[in-house]
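There are 4 protein chains.
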Amino acid sequence: MSVHSLRFKMPRTNNKKELIIDAAIKVFARKGFYNAKVADVAKRAGVADGTIYLYFKNKDDLLISLFETKMEEILTRFSSLIEKKISAEKKLREFINLYFLMIEQDQDLAEVFQVELRQSSKFLKDYHNQKFIDFLNIIGAIIEEGIAQSLFNKNISIHNVKLLLFGALDELARQWILTGDASRSLKQTANETADILLYGMLK
Amino acid sequence: MSVHSLRFKMPRTNNKKELIIDAAIKVFARKGFYNAKVADVAKRAGVADGTIYLYFKNKDDLLISLFETKMEEILTRFSSLIEKKISAEKKLREFINLYFLMIEQDQDLAEVFQVELRQSSKFLKDYHNQKFIDFLNIIGAIIEEGIAQSLFNKNISIHNVKLLLFGALDELARQWILTGDASRSLKQTANETADILLYGMLK
Amino acid sequence: MSVHSLRFKMPRTNNKKELIIDAAIKVFARKGFYNAKVADVAKRAGVADGTIYLYFKNKDDLLISLFETKMEEILTRFSSLIEKKISAEKKLREFINLYFLMIEQDQDLAEVFQVELRQSSKFLKDYHNQKFIDFLNIIGAIIEEGIAQSLFNKNISIHNVKLLLFGALDELARQWILTGDASRSLKQTANETADILLYGMLK
Amino acid sequence: MSVHSLRFKMPRTNNKKELIIDAAIKVFARKGFYNAKVADVAKRAGVADGTIYLYFKNKDDLLISLFETKMEEILTRFSSLIEKKISAEKKLREFINLYFLMIEQDQDLAEVFQVELRQSSKFLKDYHNQKFIDFLNIIGAIIEEGIAQSLFNKNISIHNVKLLLFGALDELARQWILTGDASRSLKQTANETADILLYGMLK
DNA sequence: GATGAATGAGCCTTCATTCAT
DNA sequence: AATGAATGAAGGCTCATTCAT
Chain A
1 MSVHSLRFKM PRTNNKKELI IDAAIKVFAR KGFYNAKVAD VAKRAGVADG TIYLYFKNKD
61 DLLISLFETK MEEILTRFSS LIEKKISAEK KLREFINLYF LMIEQDQDLA EVFQVELRQS
121 SKFLKDYHNQ KFIDFLNIIG AIIEEGIAQS LFNKNISIHN VKLLLFGALD ELARQWILTG
181 DASRSLKQTA NETADILLYG MLK
Chain B
204 MSVHSLRFKM PRTNNKKELI IDAAIKVFAR KGFYNAKVAD VAKRAGVADG TIYLYFKNKD
264 DLLISLFETK MEEILTRFSS LIEKKISAEK KLREFINLYF LMIEQDQDLA EVFQVELRQS
324 SKFLKDYHNQ KFIDFLNIIG AIIEEGIAQS LFNKNISIHN VKLLLFGALD ELARQWILTG
384 DASRSLKQTA NETADILLYG MLK
Chain C
407 MSVHSLRFKM PRTNNKKELI IDAAIKVFAR KGFYNAKVAD VAKRAGVADG TIYLYFKNKD
467 DLLISLFETK MEEILTRFSS LIEKKISAEK KLREFINLYF LMIEQDQDLA EVFQVELRQS
527 SKFLKDYHNQ KFIDFLNIIG AIIEEGIAQS LFNKNISIHN VKLLLFGALD ELARQWILTG
587 DASRSLKQTA NETADILLYG MLK
Chain D
610 MSVHSLRFKM PRTNNKKELI IDAAIKVFAR KGFYNAKVAD VAKRAGVADG TIYLYFKNKD
670 DLLISLFETK MEEILTRFSS LIEKKISAEK KLREFINLYF LMIEQDQDLA EVFQVELRQS
730 SKFLKDYHNQ KFIDFLNIIG AIIEEGIAQS LFNKNISIHN VKLLLFGALD ELARQWILTG
790 DASRSLKQTA NETADILLYG MLK
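Here you go:
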């Protein structure tokens, strides 16, 4: 190795790894994990095919790492919400808003999560998707808080509501992405969703 | 030739095609579409690999046909619900109950639908999933009816509610299947879900 | 078997075998032996796939039978030529005329012979194409006669000339078929070919 | 890293592509295109099956590329002949000599050309065999020149003669290869062929 | 670390052939 | 004899992964 490569190493966490993950998000979003080729990701990332294997054990690992990395970022964004000094109802509304905001800001990531997350948690060997559970638990925590504050009905099942809520958001987001439906703003959808979940549909 | 072979030929509703579809449901549910081999399906169906291609153009077509066939059956079951002479609220409750009942009765099919349906509607070439849209519209019709009956709040967006409702049911079902959680009965989950959607979460 | 099938059996050599051979000629001519499916031949012949195997051992055998049968017919047509009481030169001219006439009358057969004959004599196992050799020997016999009559130069190699002549006719015919060139009549080509072979190209 | 690896990199005229083409010639010559497996070619070339697909789109493309590449080489050899300052008669004799010489030097290639060329020009999709037409036109050019020099009879059809000549050479070559007939030298056959075409067969 | 040519296991699909009816 | 649904061996091709440079 020449003297020149003794050059000042960025301390920041590996640049190229991020590059590859970001490329993978885009490629997986467009083609789906199984239809996407490692070579596609490499090309999009501007690296050689082999380079990917310097940072990831294999294609599955790339997907898992992608989930982990991005889930971490997402969790960070949502976690701060919990600590806010606002009512559980307000938190729930903010949660829903933030969810749709995220979807709007990074549709590719959203697609990967929505479609591949499901495949993967079922078919990737030895992958227990803890981060996703953590994410659901943020909802759970808000609900719990609401019950503690005697805001929410104490008979509702936290377990069910967190799934119900996530499922609802997820499906609304998917269709928004799928149809490219820009007419209905996600902001408005967020409000309606919150209203229905909070007040119910009955007149 | 015995008297019995003066047959009485099975109604001939393509026996073997069904056989293959049923095998495919099981195999796809366990391994996922992309990890499942056509040979796996053939073996499970008790036919030769080539036989599958007598009934389906290719592996993709098998998945799509599976959707179409089963969706048809499902739509039939749900459609009759609409025509019943009961309130929209009752219909919605029955819809939710039926949904979970079906999930319970055919978990394999449910798994395929939940996981692969998403993949496919996005990544299978040229497949516009009309049957799924029809299914969503059954929910839509109930909501509409409820609004017409002045039962439901007329400000709610039918489009959003049908997605919200489906997403919620879907996610609850997925987790139930995934975790094999027999403790919580789906029946109870159905009631809770209906309650929340109808009455809201607020105390 | 019912009394009706005791019906008068045509004494003529199997009808259906001919039917299949004729279909095979057309199909092989259009698609080539290797690209043609047995099912294609069956469909064209208006019989079931399995029926072909009642008359032919396998696909190769169908091709060989086709050659044998048709070559027999061709040999019969050409053989009579030899016995005519005309000069060798006249015979050669008639031979050439007859060759092109045949091509004109049955282009499909011609295509099969031209293209598949070559494949087959090389790659079909255990097939010694005696009939083709007999055909070439008809040319050889005419040349021999011409030499015996002191009409043709005795120094020419009969072996070479028969190949040369056949090759020339064959290529002219192929191009005529290939290009669908109706402008140049084969009749005229026949005369020119005969002239060149007899008189040479020199001025 | 040793001094030797400061290489001197092969001119890099795709080494491996040639390797595969040469292997394909041998394999196709022995088994025929349709009976040859891609794996056979790979094994003979000493590469992995997949490597072939780095250089050729598919099996058909391998055959076509083989034609194109080799035809190019052949055309180059024959083209120089046209420019020589010798009579058209001499050129024709040299053409015939060169043709047989090439056959003798590369029998495998000759076999592939003679047998597969016919198949392919008819049955490979979208392949217009321009190089073969160019080759025929070299003969045409010589004939034209001979007519211009008042050497050849001006009434002969150039179009017919070039086919006639090629067909004759081709058939003679085929039989020589097929029978492995070493007794009759091709050199002598070349002379006889030229004599007959130039002087005719009549005494 | 980076490359990308090479690898070869694996799978979908075809189609000649069979055989129960 | 005739059928045509069923078979399953075979092979073209892909693509995740490796490794020499």
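Residue numbers (this note's numbering), protein chains in the order written: chain A, 1 to 203; chain B, 204 to 406; chain C, 407 to 609; chain D, 610 to 812.
Glycine included, every Cβ here is placed at the ideal spot set by N, Cα and C.
Around the Cβ of residue i, are there at least 16 other Cβ atoms within 10 angstroms (buried) or fewer (exposed)?
i               : result
A445 of chain C : exposed
S759 of chain D : exposed
A48 of chain A  : exposed
A697 of chain D : buried
A313 of chain B : buried
Q105 of chain A : exposed
K365 of chain B : buried
K37 of chain A  : exposed
R280 of chain B : exposed
K154 of chain A : exposed
Q391 of chain B : exposed
L672 of chain D : buried
G349 of chain B : buried
G659 of chain D : exposed
I691 of chain D : exposed
G641 of chain D : buried
K122 of chain A : buried
A554 of chain C : exposed
Can you give the beta carbon distance from residue i to residue j, rounded, assuming they're within the 8 Å contact cut?
i               : j               : result
F270 of chain B : L320 of chain B : 7 Å
A579 of chain C : Q520 of chain C : 7 Å
E614 of chain C : F775 of chain D : Nothing about residue 614 of chain C can be read from this structure; chain C reaches only from 407 to 609.
Q716 of chain D : I786 of chain D : 6 Å
F501 of chain C : I545 of chain C : 7 Å
S846 of chain D : I630 of chain D : With chain D running from 610 to 812 in the structure shown, residue 846 of chain D is simply not present.
A232 of chain B : V244 of chain B : About 11 Å; that fails the 8 Å criterion.
I142 of chain A : I399 of chain B : Between I399 of chain B and I142 of chain A the Cβ distance is about 15 Å, and since that is not below 8 Å, they are no contact.
Please state whether DSSP places residue i in a helix, a strand or coil.
i               : result
L372 of chain B : helix
L760 of chain D : coil
L608 of chain C : strand
A249 of chain B : Here the sequence assigns Gly to residue 249 of chain B, which means Ala is not the residue at that position. Coil at G249 of chain B, not helix or strand.
S157 of chain A : coil
N412 of chain B : Since the first residue of chain B shown is 204 and the last is 406, residue 412 of chain B is not available in this structure.
K635 of chain D : helix
K85 of chain A  : coil
N15 of chain A  : helix
Following the continuous alpha helix (DSSP H) through residue i, name the residue where it begins and the one where it ends.
i               : result
G180 of chain A : Neither: G180 of chain A is in no alpha helix (DSSP H) and is coded neither H nor E.
F33 of chain A  : That residue, F33 of chain A, is in no alpha helix (DSSP H); it is neither H nor E in DSSP.
N738 of chain D : Taken as a continuous stretch (DSSP letters only), N738 of chain D belongs to no alpha helix (DSSP H), as it is neither H nor E.
I96 of chain A  : A88 to Q105
Q594 of chain C : L592 to Y605
Any chance the CB of residue i is under 7 Å from a heavy atom of the ligand GDP?
i               : result
K437 of chain C : Here there are no bound small molecules, and the ligand GDP is not part of this structure.
Completely contained alpha helix (DSSP H) runs for the stretch 657-683 of chain D, where each covers 4 or more residues: 658-664
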